[in-house]
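J.: For reference, the structure I am asking about is given below.
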Amino acid sequence: ASAMVNFSELALQPQGRPVRKTRPDRPLARTRTESTSAAPVAASSSEAEPLLTAAGTQPSPAPSASFVALLDNATAFNPDTQGAVGTNHLVVMLSSQMRIQNRSGGAISTVSLDAFWGTLGRSNVFDPRIIYDSARHRWLTAAINNPGTSNAHLLFGVSQSADPTGSWYLHAI
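Taking my numbering, I'd label the letters of the sequence shown as residues -1 to 171.
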């Protein structure tokens, strides 16, 4: 199966209440409380010209700077945290959701992992992976759905451009 999804349009749709996912071969994880001591860094003003490096990209924050990328919402057995940094964006994936941020840590949009892969008719998605191909300026993501069943699929997606908030080509094998 193949489909195309626009992340920004998907982020505007109501996500509904998250459903707790379980893997058939593993028990539920205990819910834990998250520390909220680190507040996310606010997105920079859109009116100001962004500071660019010689390579034409925004500089990374100083090593002493810190921000929360994406907290686990306790709807998946294991968060399976993944992240990648591109020219202008940071993409964070957990087994429950996917967030796109600017390089300063400001959240641009967040969608559930099931909603992202839902255009392929897939749900119960686990073990996401994300990388940025700096040679081709594309985002590559992979995941699996329905693990341990006869209806399991390998899910693979490629962004149409270097902007992860745009359209993605999605495939289920």
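Just so it is clear, CB atoms sit at the ideal spot from N, CA and C, and this is done for glycine as well.
What is the DSSP secondary structure of Thr147, reduced to helix, strand or coil?
T.: coil
J.: Here's the rule I'm using: 16 or more other beta-carbon atoms within 10 Å means buried, otherwise exposed. How should His87 be labelled?
T.: buried
J.: So, helix, strand or coil for Ala113, using DSSP?
T.: helix
J.: Between which two residues does the beta strand (DSSP E) carrying Ser165 extend?
T.: Ser165 to Ala170
J.: Give me the DSSP bridge partner(s) of Ser107.
T.: Ile98
J.: In chain order, what residues of the same chain lie with their CB nearer than 6 Å to the CB of Leu118, ignoring the 5 residues before and after it?
T.: Ala(-1), Ala1, Leu168 and Ala170
J.: Would you say Thr108 and Arg120 are within 8 Å of each other, going by their C-beta atoms?
T.: no
J.: With a 10 Å radius around its C-beta and 16 neighbouring C-beta atoms as the bar for buried, classify Trp166 as buried or exposed.
T.: Trp166 is buried by the Cβ-count criterion.
J.: Which value, in whole angstroms, describes the spacing of the CA atoms of Ala113 and Asn100?
T.: Rounded to the nearest whole angstrom, the C-alpha separation of Ala113 and Asn100 is 21 Å.
J.: Buried or exposed, going by whether 16 or more other CB atoms sit within 10 Å of the CB of Thr147?
T.: exposed
J.: Report the residue from Asp70, Ala82 and Asn122 whose alpha carbon sits nearest the alpha carbon of Asn144.
T.: Asn122
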